[in-house]
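FYI, in our numbering the residues of the sequence shown are 18 to 250. Yeah, the Cβ is synthetic: ideal placement off N, Cα and C, and Gly gets one too.
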Amino acid sequence: MVNFSDVDRRGYPMVDVATGYGHWAGTYEDTVEDIMDLALLEALTVPEWHTVNRAADLGCGTGRTAAWLRGRGVPAVDGVDLTPEMLAVARARGVHDRLVTGDVRDTGLSAGAYDLVISSLVDEHLPELLPLYREAWRLAAVGGLYVQVSFHPQFILATGMPTHFTNAAGEHIAISTYVHLISENVTAGLRAGWELVEMREGLVDDRWITLKPKWEQHRNLPVSAALVWRRRG
């Protein structure tokens, strides 16, 4: 694993996950672009979303992912998040059947109860990946899928940019960020017993440049990645 401190080019003050997302909750929906994660979900071919009966949304945040799943015909979604302020937004949104305050690595949800487990923009906040993959495995039914969308390590390495937000005082605040190579994800997933069935990477393209003209210098860098895993047994 690469230490983020070795590649940090921003020098923003850094806070822990619960503190950071607690402060970011009120403006999160206005700052996270759908092209970062939801566009990758849209591009996947393996999950037939309308066939999913129940999903576990790990690191559910404000409910963006669950709302997207509901829009694709998923009838039941349970959510877990560490931050009460984010859960309050998700609760008001009303797209989850159940919301739990908890750690994505130890959710307390029922084993084998979900034919889809999903996490989006979560793993860069974890020092180790294996506990997340093992918990997803525990939650998934045999034949179930785990879909993970990640902040791409190549983008972090190339730009030195952590996950960050702007606080009420106009200051940029970083949230604890770890750099996990794609190979680390593959290794952790395989160790947990998953079979990798699809992967997509989202590049900085014209859509991104329209949203963030200053990112022209990052054109064609991969900014996010989606991995799809299946539990065989």
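Rounded C-alpha distance that separates residue i from residue j
i	j	result
residue 119	residue 33	15 Å
residue 228	residue 250	43 Å
residue 243	residue 75	15 Å
residue 68	residue 85	15 Å
residue 211	residue 221	29 Å
residue 28	residue 38	19 Å
residue 191	residue 50	17 Å
residue 59	residue 103	24 Å
residue 159	residue 202	21 Å
residue 130	residue 40	33 Å
residue 152	residue 64	20 Å
Start-to-end residues for the beta strand (DSSP E) that takes in residue i
i	result
residue 170	Counting along the chain, residue 170 falls outside any beta strand (DSSP E), though it belongs to the alpha helix (DSSP H) covering 170-176.
Residue(s) in a DSSP beta bridge with residue i
i	result
residue 123	120
residue 215	245
residue 72	94, 133
residue 191	31, 181
residue 165	136, 244
residue 220	239
residue 24	DSSP lists no partner for residue 24.
residue 115	95
Cβ neighbours of residue i in the same chain (closer than 6 Å, five flanking residues each side left out)
i	result
residue 137	54, 82, 166
residue 196	19, 21, 170, 173
residue 150	205, 206, 209
residue 214	63, 245, 247
residue 148	122
First through last residue of the alpha helix (DSSP H) which encompasses residue i
i	result
residue 142	Element bounds for residue 142: n/a, residue is neither H nor E.
residue 40	34-41
residue 83	81-88
residue 227	223-228
residue 53	51-60
residue 153	147-156
residue 100	From DSSP, residue 100 is part of no alpha helix (DSSP H); its letter is neither H nor E.
residue 48	45-48
residue 65	First-last for residue 65: undefined, no H or E at that position.
residue 201	199-208
Expected contact under 8 Å - CB spacing of residue i and residue j to nearest Å
i	j	result
residue 135	residue 72	6 Å
residue 70	residue 132	6 Å
residue 105	residue 154	Not really, about 30 Å apart at Cβ, beyond 8 Å.
Beta-carbon proximity list for residue i, same chain, < 8 Å, skipping 5 on both sides
i	result
residue 107	77, 78, 79, 80, 83, 96, 98, 113, 116
residue 89	66, 67
residue 126	73, 95, 97, 117, 156
residue 198	18, 19, 170
residue 44	182, 183
Own chain residues within Cβ distance below 7 Å of residue i, not counting five before or after
i	result
residue 168	138, 141, 180, 241
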